[in-house]
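These notes are about the structure you will find just below.
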Amino acid sequence: MDVREIMVEGVETIDEDENLEVALKKSTEEGEGGSLIVEHDGEVVGIITTWDVLEEIGNDHNLKDIKVHDAMETHLVTIHTDDKIEHAAKEMVDHGIWRLPVEEAGQIVGIVSATDILVNRIRNIM
Numbered sequence: 001m002d003v004r005e006i007m008v009e010g011v012e013t014i015d016e017d018e019n020l021e022v023a024l025k026k027s028t029e030e031g032e033g034g035s036l037i038v039e040h041d042g043e044v045v046g047i048i049t050t051w052d053v054l055e056e057i058g059n060d061h062n063l064k065d066i067k068v069h070d071a072m073e074t075h076l077v078t079i080h081t082d083d084k085i086e087h088a089a090k091e092m093v094d095h096g097i098w099r100l101p102v103e104e105a106g107q108i109v110g111i112v113s114a115t116d117i118l119v120n121r122i123r124n125i126m
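Residue 69 in the UniProt record's numbering sits at position 69 of the sequence shown, and the numbers go up by one each step.
Have a look at this one:
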């Protein structure tokens, strides 16, 4: 099965100069697992997840005082819509991540999570 069949289409973005309180509100309002693609001048420069925000909370930091660019992941691992979900799972395990932005024609068009993959497998078993 291809990634396009289980990915969540569309990706919310945030500017890297926003603070983490804004990022947390935006990511949780969308209900898509809390991942935002980070942009600078329209170019994708990273990803911020609820895990990144949780780390700052755990360090007792005020989310209003921390910019997205200071907490985001800049090593963006992506997957293509035509890739198999097994390949996506391997990429997640190899890189220790739970979500992969999905590309098509050089653009981020969605996101796939470990939960998406696991739910798909559970449905196939039942």
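Where a beta carbon is used, it is the ideal one built from N, C-alpha and C, also for glycine.
Only a predicted model underlies this, so the values are computations on that prediction, with no experimental measurement involved.
Among the options, whose alpha-carbon lies nearest the alpha-carbon of residue i?
i       : options                         : result
Asp-17  : Met-92, Lys-26, His-69          : His-69
Ile-85  : Arg-123, Val-112, Val-45        : Val-112
Leu-63  : Val-45, Leu-20, Pro-101         : Leu-20
Ser-27  : His-40, Glu-12, Glu-39          : Glu-12
Asp-116 : Arg-99, Ile-125, Asn-59         : Arg-99
Leu-67  : Leu-76, His-75, Asp-52          : For clarity, residue 67 is Lys in the given sequence; the question names Leu instead. Considering only alpha carbons, the answer is Asp-52.
His-95  : Gly-110, Val-3, Ile-108, Leu-76 : Leu-76
Val-3   : Asn-120, Ile-125, Ile-57        : Asn-120
Ile-14  : Gly-106, Met-1, Ile-48, Met-7   : Ile-48
Gly-46  : Gly-58, Gln-107, Thr-74         : Thr-74
Asp-65  : Met-1, Met-126, Val-22, Val-109 : Val-22
Please state the DSSP three-state secondary structure of residue i.
i       : result
Ile-122 : helix
Asp-116 : helix
Ile-14  : strand
Ile-47  : strand
Ile-6   : coil
Asp-40  : In the sequence on display, residue 40 carries His and not Asp. Strand, per DSSP.
Quick one: measure Cβ to Cβ for residue i and residue j, integer angstroms, because I've assumed they're closer than 8 Å.
i       : j      : result
Glu-103 : His-80 : 5 Å
Gly-110 : Met-7  : 4 Å
Roughly how many angstroms lie between the CA atoms of residue i and residue j, to the nearest whole one?
i       : j      : result
Gly-34  : Leu-24 : 7 Å
Ala-88  : Asp-41 : 29 Å
Met-72  : Asp-83 : 25 Å
Ile-122 : Glu-5  : 15 Å
Ala-114 : Val-38 : 20 Å
Arg-92  : Glu-29 : It should be noted that the sequence gives Met, not Arg, for residue 92. In a straight line, the C-alpha of Met-92 is about 25 Å away from that of Glu-29.
Glu-9   : Gly-58 : 31 Å
Assuming residue i is part of the beta strand (DSSP E), what are its boundary residues?
i       : result
Ile-111 : 107–113
What residue does the alpha helix (DSSP H) around residue i start on, and which one ends it?
i      : result
Thr-50 : 50–58
Glu-73 : No alpha helix (DSSP H) contains Glu-73, which DSSP labels as neither H nor E.
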